[in-house]
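Here's the structure we're looking at; comments come further down.
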Amino acid sequence: MNELEQLTIVDTCMNDKEQIIDQLMQAYSEGILYLVFTYVKNRTTAEDLTQEIFIKCYEKLDQFNHQASIKTWVYRIASNHCKDYLRSWHYRKIKLDEKMWDHIPSKSKQVEEEIIAKNQETSLSRAIMALPIKYREVVFLHYYEDLTLAEISKVTTININTIKTRLKRAKELLKDKMLKEV
Amino acid sequence: MKNPFDDLKCAMKETIFKDFSFSDERKDAVKETIREKHSSQQLHSWKEKTIIAVLESVQHESKHGYDISTHLFQKNDFSFQSNEGQLYTLLHLLENKGIVTSKWINEKKYYLLTMKGIKHLANSKQESTKKQVSLKHLLEEASL
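Just so you know, the protein sequences line up as chains F and S, in that order. Residue numbers for the first sequence follow this note's numbering, beginning at 1 and rising by one. Residue numbers for the second sequence follow this note's numbering, beginning at 1001 and rising by one.
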């Protein structure tokens, strides 16, 4: 085989991989974006991280072993990437500083929130986003993405029984919160 | 009170996820990065011919880096021209893999093919394509 032929083979592989990523993005980019948002609670960060996640998928594509479904594989990469981000120095030192501002009450914001809070849907979403992260992730994956417990276990590497407990606990927390608001 | 999760999907869609999607610009950015990564990867992987030329140059006598690079130029291989550092990266990889060994003489590092290296060289010359690919794999593995 001459070098040119070798090159073309590499190129078709490359195109294949690019196409796979393209298809993955068509199929899962929204779900991934929302999953990332449930972790990081910031739209721009969620978009940046989603972008990084698909690049990571491209880099790791050779390691996909077809044992898992490609969906759970991509979601697992996403989940791990978000957790890495939340553990990162950048997030802990810089983003948390920015967050401090959220805790300083401003009048205009309070009024705004009061109006929004009247909306039931908003209060439910807000309550979910206010859950601790370990509940938030399982709630999102199970009730928004409709993943089965086994799938969630593959994505997050959490034991199925633990997932059950967390879902139950999340439900209790949420009920408490909603009752208080009403 | 009913299960609060019943309305979850709808509620989240209508509020926090409203008008929120992974835009085409973002998707294009991903594809762009993938292409860049691909082309930069090619820059860093060495041609089969180059690797063999390097191995051949240290087959019979030990040479230091500059000697090897002159040897390559003489063979009309300009892979490392104005990019000499890459030659040393390659040499270090080969050394890590036990294909060449090195010795310091007069503050210069001299490289020489090992027995393992000689075998690899003979193999890759014989069954040109197949073994060459395996040699390349070996290096890619080592560079991870």
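The beta-carbon is built from N, C-alpha and C at its ideal position, and this holds for glycine as well. Note that the structure is a prediction, hence the values are computed from the model and not measured.
The residue from F/A68, F/I94, F/K60, F/N65 with its alpha-carbon nearest to that of F/H81 is F/K60.
Rounded to the nearest whole angstrom, the C-alpha separation of F/K83 and F/E137 is 11 Å. Measuring C-alpha to C-alpha distances from S/F1020 to each of F/K41, F/I20, F/I128 identifies F/K41 as the nearest. Taken through DSSP and simplified to helix, strand or coil, S/S1102 comes out as strand. Within 8 Å of the CB of F/I158, no CB atom of chain S is found; the nearest one sits about 18 Å away. Against chain F, a Cβ distance below 7 Å from S/E1014 picks out E121. According to the DSSP secondary-structure assignment, S/Y1111 is paired through a beta bridge with S/K1063, S/S1102. Around the CB of S/K1063, 16 or more other CB atoms lie within 10 Å, so the residue is classed as buried. DSSP, reduced to helix, strand and coil, places F/I77 within a helical segment of the structure shown. DSSP, reduced to helix, strand and coil, places F/F140 within a helical segment of the structure shown.
Under a 10 Å Cβ-count criterion, S/I1068 is classified as buried, with 16 or more other Cβ atoms of the shown protein chains found around its own Cβ. Secondary structure of F/D146 (DSSP, three-state): coil.
Taking 7 Å as the upper bound on Cβ-Cβ separation, chain S lies near residues R43, E47, T50, Q51, F54, I55, Y58 of the stretch 40–60 of chain F. Between the C-alpha atoms of S/Q1074 and S/A1053 there is a straight-line separation of about 11 Å.
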